[in-house]
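A.B. asks: There's a structure below that I have some questions on.
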Amino acid sequence: MSTASVELKVFVPARDFALSQQFYKDLGFLSPWNSEELAYFHHGDHCAFLLQNYYVKEFAENLMLHLLVEDADAWYASVRDAGLAERYGVRLGTPEDQPWKMRDFTLHDPSGVLWRIGHNLD
Numbered sequence: 006m007s008t009a010s011v012e013l014k015v016f017v018p019a020r021d022f023a024l025s026q027q028f029y030k031d032l033g034f035l036s037p038w039n040s041e042e043l044a045y046f047h048h049g050d051h052c053a054f055l056l057q058n059y060y061v062k063e064f065a066e067n068l069m070l071h072l073l074v075e076d077a078d079a080w081y082a083s084v085r086d087a088g089l090a091e092r093y094g095v096r097l098g099t100p101e102d103q104p105w106k107m108r109d110f111t112l113h114d115p116s117g118v119l120w121r122i123g124h125n126l127d
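Going by my numbering, the sequence shown opens with residue 6, and the numbers climb by one from there.
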């Protein structure tokens, strides 16, 4: 018997399931499977989540996710240059050095979920 952890995935709500799926694909996530109610997304070997065809405004707008990347500035440039904020009507913040020793930027998805995408400064 083992109590070892394998992976933690969050269920991310989607106000418009099809739109959110396309947003995450355009952001660079892969979706190897989906159903009418759930879509599995991953980026690399260490980041995965389940997008759900379910939406409660208060939940979505209070959910914050953190994606640790190698280069937050490169990610920001990729999102900005792809025009995702304009195309999806979402908010995109600029990269900033944070007091918690990270450089990150914020990105809201089409349902209002807040992502902080950053890298460690030390």
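Glycine included, every Cβ here is placed at the ideal spot set by N, Cα and C.
All of these numbers come straight from a predicted model, not from anything done at the bench.
What are the boundary residues of the alpha helix (DSSP H) that includes residue 80?
C.D. replies: 77-86
A.B. asks: Measuring CB to CB, does residue 139 end up less than 8 Å from residue 112?
C.D. replies: Residue 139 is absent from the model: the chain starts at 6 and stops at 127.
A.B. asks: Is the beta carbon of residue 5 less than 8 Å from the beta carbon of residue 101?
C.D. replies: Since the first residue of the chain shown is 6 and the last is 127, residue 5 is not available in this structure.
A.B. asks: Given a cut-off of 8 Å on the beta-carbon distance, is the pair residue 118 and residue 68 in contact?
C.D. replies: Yes. Within cutoff.
A.B. asks: Please classify residue 94 as buried or exposed, where buried requires at least 16 other C-beta atoms within 10 Å of its C-beta.
C.D. replies: exposed
A.B. asks: Give the straight-line distance between the Cα atoms of residue 64 and residue 18, rounded to the nearest whole angstrom.
C.D. replies: 8 Å
A.B. asks: Quick one: using the 10 Å Cβ neighbour count with 16 as the cut-off for buried, is residue 33 buried or exposed?
C.D. replies: Only exposed fits residue 33, as fewer than 16 other CB atoms lie within 10 angstroms of its CB.
A.B. asks: Ends of the beta strand (DSSP E) at residue 43?
C.D. replies: It spans 43-48 - the beta strand (DSSP E) in which residue 43 sits, taken as one unbroken run.
A.B. asks: By Cβ distance below 7 Å, which residues in the same chain neighbour residue 122 in space, the five residues on each side in sequence not counted?
C.D. replies: 72, 74, 77, 80, 109, 110 and 112
A.B. asks: Verify whether the separation of the beta carbon atoms of residue 90 and residue 31 is less than 8 Å.
C.D. replies: Inclusion of residue 90 and residue 31 in the CB contact set at 8 Å is not warranted, their separation being larger than that value.
A.B. asks: Just confirm the distance between the C-beta atoms of residue 53 and residue 12, as a whole number of angstroms; I'd bet it's less than 8 Å.
C.D. replies: The pair is a contact, with the Cβ atoms about 7 Å apart (cut-off 8 Å).
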